[in-house]
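Undergrad:
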Amino acid sequence: MANDLQVLNALDVAKTQLYHFTAIVIAGMGFFTDAYDLFCISMVTKLLGRIYYHHDNALKPGSLPPNVSAAVNGVAFCGTLAGQLFFGWLGDKMGRKKVYGMTLMIMVICSIASGLSFGHTPKSVMTTLCFFRFWLGFGIGGDYPLSATIMSEYANKKTRGAFIAAVFAMQGFGILAGGMVAIIVSAAFKGAFPAPAYEVNALASTVSQADFVWRIILMFGAIPAGLTYYWRMKMPETARYTALVAKNLKQAANDMSKVLQVEIEAEPEKVEAISEAKGANEFGLFSKEFLLRHGLHLLGTASTWFLLDIAFYSQNLFQKDIFSAIGWIPPAQTMNALEEVYKIARAQTLIALCSTVPGYWFTVAFIDRIGRFAIQLMGFFFMTVFMFALALPYHHWTLKDHRIGFVVMYSLTFFFANFGPNATTFVVPAEIFPARLRSTCHGISAAAGKAGAMVGAFGFLYAAQPTDPKKTDAGYPPGIGVRNSLIVLGCVNFLGMLFTFLVPESNGKSLEEMSRENEWEEETVSEMRVTSGRTVPV
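For the sequence shown, the working numbering begins at 370 and goes up steadily by one.
#1: To the nearest angstrom, how far is the alpha carbon of T607 from that of E881?
#2: Put M549 into one of helix, strand or coil per three-state DSSP.
#3: Buried or exposed: where does L387 fall if 16 or more other Cβ atoms within 10 Å of its Cβ makes it buried?
#4: Determine whether the beta carbon atoms of L677 and G818 lie at a separation below 8 Å.
#5: Got a sec? Which residues, its chain only, sit under 6 Å from A621 by beta carbon, not counting five neighbours each side?
#6: Quick one: Cα of K559 to Cα of S432, how far?
#7: Cβ atoms of G728 and F456: under 8 Å apart, would you say?
#8: Quick check on the burial criterion: 16 or more other C-beta atoms within 10 angstroms. Buried or exposed for P563?
#9: Looking at the structure shown, is Q684 part of a helix, part of a strand, or coil, going by DSSP?
#10: Using a C-beta cutoff of 8 Å, does T793 count as contacting chain D?
#11: So I592 is in the alpha helix (DSSP H); what residue range does that whole segment cover?
#12: DSSP three-state label for M704, please.
#13: Over the uninterrupted alpha helix (DSSP H) stretch that includes Y845, give me the two end residues.
#14: I'd like the ranges of any beta strand (DSSP E) spanning at least 3 consecutive residues and lying wholly in the region 396-472.
#15: With 16 other CB atoms within 10 Å as the buried threshold, where does L867 fall?
#16: If we ignore side chains and look at the alpha-carbon of each, how far apart do D381 and P605 end up?
#17: Sort K467, F401 and K384 by Cα distance to A524 and report the nearest one.
#18: With a threshold of 16 other CB atoms inside 10 Å of the CB of G653, please say whether the residue is buried or exposed.
#19: Taking the alpha helix (DSSP H) that R885 belongs to, which residues open and close that run?
#20: I need the boundaries of the alpha helix (DSSP H) containing N570, first residue and last residue.
#21: Flag this pair as yes or no: are the beta carbons of F802 and T732 separated by less than 8 Å?
#22: Are the region 829-849 and the region 528-535 touching, with three or more C-beta to C-beta distances below 8 Å?
#23: Going by CA-CA distance only, name the one from I713, R772 and M747 that's closest to M549.
#24: Can you check which of these residues, Q702, F390 and L515, is closest to K467 by C-alpha distance?
#25: Roughly how many whole angstroms lie between the Cα atoms of M471 and G508?
#26: Please name the residue, chosen from F408, V754 and D403, that lies closest to A826 on a Cα-to-Cα basis.
#27: Looking at R805 and A799, is the spacing between their C-beta atoms short of 8 Å?
#28: Less than 8 Å between the C-beta atoms of I393 and Y469, yes or no?
#29: Distance, Cα to Cα, F784 vs A721?
#30: Assign K415 to one of two classes, buried (16 or more other C-beta atoms within 10 Å of its C-beta) or exposed (fewer than that).
#31: Rounded to a whole number of angstroms, what is the C-alpha to C-alpha distance between G443 and K619?
#32: Pick out whichever of R738, H389 and S884 has its Cα sitting closest to the Cα of Q630.
#33: Cα-Cα, which of V796, F757, L768 and V797 is closest to M778?
#34: Taking Cβ to Cβ, would you say L505 is nearer than 8 Å to A680?
#35: Throw me the rounded Cβ distance for the S555 and L707 pair, which I believe falls under 8 Å.
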């Protein structure tokens, strides 16, 4: 059934215009910042090890102990998970716009504070850094449900998928920017403060000024977030929240008349009808009605995001092998501290440029043509195929003559993650749930994803250790090995493919059609016909 509210119908059929692109940039810059802040830490962890965990007469440069490394890299994920749940809920209670500025200010303050981490001992510096990284993640977490929900509620039916995916695709540019900032800063300091390689002079290889490098890289994330704040505050509340949740049709019509630059009738006769609608659309998140209507949908969006992120974030397992195999990163002892930052940043930037960014924009181009379901199913299928193709003949890929093939297979795996479930798991939860629960349900789905990210990034870091205790990385217990870890990841991707069948296709349908919110009309139209002699358009 078509939506009967003029303001919502106007949004659904609106032609693509300037305000759509403005919304993409405003929401997308949040995701640009999110990706920058989450991924830039991986470029400076080696430097932190050299600065704070140097041991005299050691053959290799200092490195973060496993527990410290896990904390520095993972504490932002914990904050993100908490932020997704909290701000997702708050966005449905207070409105999208009121909460949207809050998340950005937390990100700005904590980006700067992360770079100002203080202490007289390595432990106190790492503790301070972890504290601020947690709250940085908390702000980043809020951006997931709010950006997706705002973009879905502003978009038209025809290109809604591409618009939401474009917001998410800004992550790719954020990862690129993180690499480029690290390259520029490390190159500048390397030129200004020359130093010998670690094997030549261990102590002199890390100049004292290197302590500024990681701080500058972390603090730079505050700039794009700060620039976006003013424009976020200028955005009106979404018409769907104002009309369907706040029940203020007049305000919704006024806001969208300015945005769309067309005259939209406030339809005062429908205000009372919406306010008095009972039953079907008054259920809560923990009600039997929600379970019957959307329980399987929520299970589908949360489980596929959880399974996808296990595989997606486990790529950390293989990056060091790939970078060294193709000669991008020489052995650590042959470089000084700033040279190592430069080469790690260059390698990660090239990976992002070649596979991460193209995958995102393939999704933007095709999501409204072939649909969310097909892209997600295809992505999980090819991720499964390539994981097994890497795992079963794993010894074959470790031979020097076949390493380029390993790199190609690795790149294709993550191309199909981005032209696949990494984008669609973000898009679909913003389209299929009722307006008053949309942000909450997106937050729950995203939080499940971050739980998967923690399993992928840290659980498999331990699992992938060799079975021989003599060959494990320093501080790690024996694991099941890389080959067996890849087989498990292939099975995880296959499960993702199966759980995709729980997720409905939303391509070309209005948000109210997907969430069945337009059912209030059936209940109220007959009532409106018999009200005290009024003539009501139906």
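Using N, Cα and C, we set each Cβ at its ideal position, and we do this for glycine too.
TA: On the basis of the supplied data:
#1: Working through the sequence shown from its first residue, we reach residue 607 at position 238. Working through the sequence shown from its first residue, we reach residue 881 at position 512. Taking the straight line joining both Cα atoms gives about 14 Å.
#2: What you label residue 549 is simply residue 180 of the sequence shown in a count that begins at 1. In the structure shown, M549 sits in a helix (DSSP, three-state: H, G or I).
#3: Position 18 of the sequence shown, counting from 1, holds the residue named residue 387. Exposed: under 16 other Cβ atoms inside 10 Å.
#4: Position 308 of the sequence shown holds residue 677. Position 449 of the sequence shown holds residue 818. Closer than 8 Å, so yes.
#5: Position 252 of the sequence shown, counting from 1, holds the residue named residue 621. The answer, listed in chain order, is V376, A608, T611 and A612.
#6: Residue mapping note: residue 559 aligns to position 190 of the sequence shown, counting from 1. Residue mapping note: residue 432 aligns to position 63 of the sequence shown, counting from 1. One C-alpha to the other measures close to 20 Å.
#7: In the sequence shown, counting from the first residue as 1, residue 456 sits at position 87. In the sequence shown, counting from the first residue as 1, residue 728 sits at position 359. Not closer than 8 Å, so no.
#8: Reading the sequence shown from its first residue, position 194 is the one you call residue 563. Result: exposed.
#9: As a first step, residue 684 is located in the sequence shown; it is residue number 315 there, counting from the start. Three-state DSSP puts Q684 in coil, outside helix and strand.
#10: Note that chain D does not occur in the displayed structure, where there is just one protein chain.
#11: Locating residue 592 in the sequence shown gives position 223, counting from the first residue. Note, I592: alpha helix (DSSP H), A591 to K603.
#12: Against the sequence shown, residue 704 aligns to sequence position 335. Note: M704 maps to coil in three-state DSSP.
#13: Walking along the sequence shown from the start, residue 845 turns up at place 476. Neither: Y845 is in no alpha helix (DSSP H) and is coded neither H nor E.
#14: none
#15: By 1-based counting over the sequence shown, the position of residue 867 is 498. Exposed: under 16 other Cβ atoms inside 10 Å.
#16: Here residue 381 corresponds to residue number 12 of the sequence shown, with the count starting at 1. Here residue 605 corresponds to residue number 236 of the sequence shown, with the count starting at 1. Cα to Cα, the separation comes out at about 17 Å.
#17: By 1-based counting over the sequence shown, the position of residue 524 is 155. Nearest of K467, F401 and K384 to A524, Cα basis: K384.
#18: As a working mapping, residue 653 is identified with position 284 in the sequence shown. Answer is exposed; the Cβ neighbour count stays below 16.
#19: Counting from 1 along the sequence shown, the entry for residue 885 is found at position 516. No alpha helix (DSSP H) holds R885; DSSP gives it neither H nor E.
#20: Against the sequence shown, residue 570 aligns to sequence position 201. Taken as a continuous stretch (DSSP letters only), N570 belongs to no alpha helix (DSSP H), as it is neither H nor E.
#21: Within the sequence shown, numbered from 1, the residue matching residue 802 stands at position 433. Within the sequence shown, numbered from 1, the residue matching residue 732 stands at position 363. No; because the gap between Cβ atoms is not below 8 Å, this pair is not in contact.
#22: no
#23: Residue mapping note: residue 549 aligns to position 180 of the sequence shown, counting from 1. Answer by Cα proximity: I713.
#24: The residue labelled residue 467 in the question sits at position 98 within the sequence shown. Measuring from the Cα of K467, the nearest candidate turns out to be L515.
#25: Looking up residue 471 in the sequence shown gives position 102. Looking up residue 508 in the sequence shown gives position 139. M471 and G508 have their C-alpha atoms roughly 8 Å apart.
#26: Walking along the sequence shown from the start, residue 826 turns up at place 457. Nearest option by C-alpha distance: F408.
#27: In the sequence shown, residue 799 corresponds to position 430, counting from 1. In the sequence shown, residue 805 corresponds to position 436, counting from 1. Result no, Cβ atoms of A799 and R805 do not sit closer than 8 Å.
#28: Translated into positions along the sequence shown, residue 393 becomes position 24. Translated into positions along the sequence shown, residue 469 becomes position 100. Contact: no.
#29: In the sequence shown, residue 784 corresponds to position 415, counting from 1. In the sequence shown, residue 721 corresponds to position 352, counting from 1. Taking the straight line from one Cα to the other gives about 10 Å.
#30: For this step, residue 415 is matched to residue 46 along the sequence shown. It counts as buried.
#31: The residue labelled residue 443 in the question sits at position 74 within the sequence shown. The residue labelled residue 619 in the question sits at position 250 within the sequence shown. So the alpha carbons of these two residues sit roughly 46 Å apart.
#32: Counting from 1 along the sequence shown, the entry for residue 630 is found at position 261. For Q630, the closest C-alpha among the options R738, H389 and S884 is that of H389.
#33: As a working mapping, residue 778 is identified with position 409 in the sequence shown. If we check each option's Cα against that of M778, F757 comes out closest.
#34: Taking the first residue of the sequence shown as 1, we reach residue 505 at position 136. Taking the first residue of the sequence shown as 1, we reach residue 680 at position 311. No.
#35: In the sequence shown, counting from the first residue as 1, residue 555 sits at position 186. In the sequence shown, counting from the first residue as 1, residue 707 sits at position 338. Indeed they touch by this definition, with Cβ atoms about 5 Å apart.
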